[in-house]
Amino acid sequence: MKPFVFDNREYGKGYALPLTCLQILLAVGFLFVIAVLVMPANTFTIPDAVLPLAYIAIPISLVGFPLVTVIKHGYRKLLRESELTVSKDKLIYRRMVDKLWTIVGHVQEFHIYESFDIERVSISRRYYTCYGSFNKKVINNGRELNSEDVTELKIPRAYSSMERILDYGKH
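If you read the sequence shown in this note's numbering, its first letter stands for residue 6, the second for the next number, and so on.
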């Protein structure tokens, strides 16, 4: 079994595209606030007609930009530590869901999907969606919490050469 390798470029133009667009949109207001704080007084003047919009957009940008940046980085970290492997007859996706340090200790949770039969695979901008028969196990700190059969598996577009998955299903 050869695992797929996390690809930062594929992640950026696939799974993280909505977050990147939102990040760019919020960066304008965030940079405006930083520029106002750094520049001397009376450098920027905001027209009175735009002032109500600025009262709404600036606080949203000030809070939203760092928040979206942290969320995007968190998703990248979780996907980088997830594993996607494919062999001749089996697809295994070991998806990291949580990795936290809490006051009571370290929490690490995985969802492990094993394919039994993949009927078809569809592609969207963010996901490869596999339809068929999958066994999903929830592993928390090394203990199996539960196991269930599911019919759909969404794999984020964040790995190189994911086109190989198309060979397993009828499009």
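C-beta atoms are modelled at their ideal positions from N, C-alpha and C, and glycine is treated no differently.
None of the values given here were measured: they were computed from a predicted structure.
If you draw a straight line from the alpha carbon of Ala59 to that of Val75, how long is it in whole angstroms? 24 Å
If we count the other Cβ atoms within 10 Å of its Cβ and call it buried at 16 or more, is Pro57 buried or exposed? exposed
Taking the alpha carbon of Val143 as the point to measure from, which residue in Ser165, Phe121, Ile117, Arg125 has its own alpha carbon closest? Ile117
Should Ser129 be labelled buried (16 or more other beta-carbon atoms within 10 Å of its own) or exposed? exposed
Which residue wins for smallest C-alpha separation from Leu84, given the options Lys7, Asp154, Tyr20? Tyr20
Within the region 69-140, ranges of the alpha helix (DSSP H) (whole runs, at least 4 residues): none
Enumerate in chain order the residues of its own chain whose CB-to-CB distance from Asn146 is below 7 Å, with the five nearest sequence positions on each side excluded. These residues qualify, in order along the chain: Val112, Gln113.
Express the C-alpha separation of Met101 and Pro8 in angstroms, rounding to a whole number. 15 Å
Near Leu1, what residues of its chain come up, given a Cβ to Cβ distance below 6 Å and the 5 sequence neighbours on each side ignored? Past the boundaries of the shown model lies residue 1; the chain is included only from 6 to 176, so the question cannot be answered.
Comparing C-alpha positions only, which one of Phe115, Leu30, Asn13 sits nearest to Val73? Leu30
Give the straight-line distance between the Cα atoms of Leu22 and Leu42, rounded to the nearest whole angstrom. 30 Å
Taking only the alpha-carbon atoms, compute the straight-line gap between Lys82 and Pro45 and give it to the nearest angstrom. One C-alpha to the other measures close to 39 Å.
State buried or exposed for Pro161, treating a residue as buried only when at least 16 other CB atoms are found within 10 Å of its CB. buried
Which parts of the region 10-43 are runs of the alpha helix (DSSP H), unbroken and 4 residues or longer, counting only runs that do not cross its ends? 13-18, 22-43
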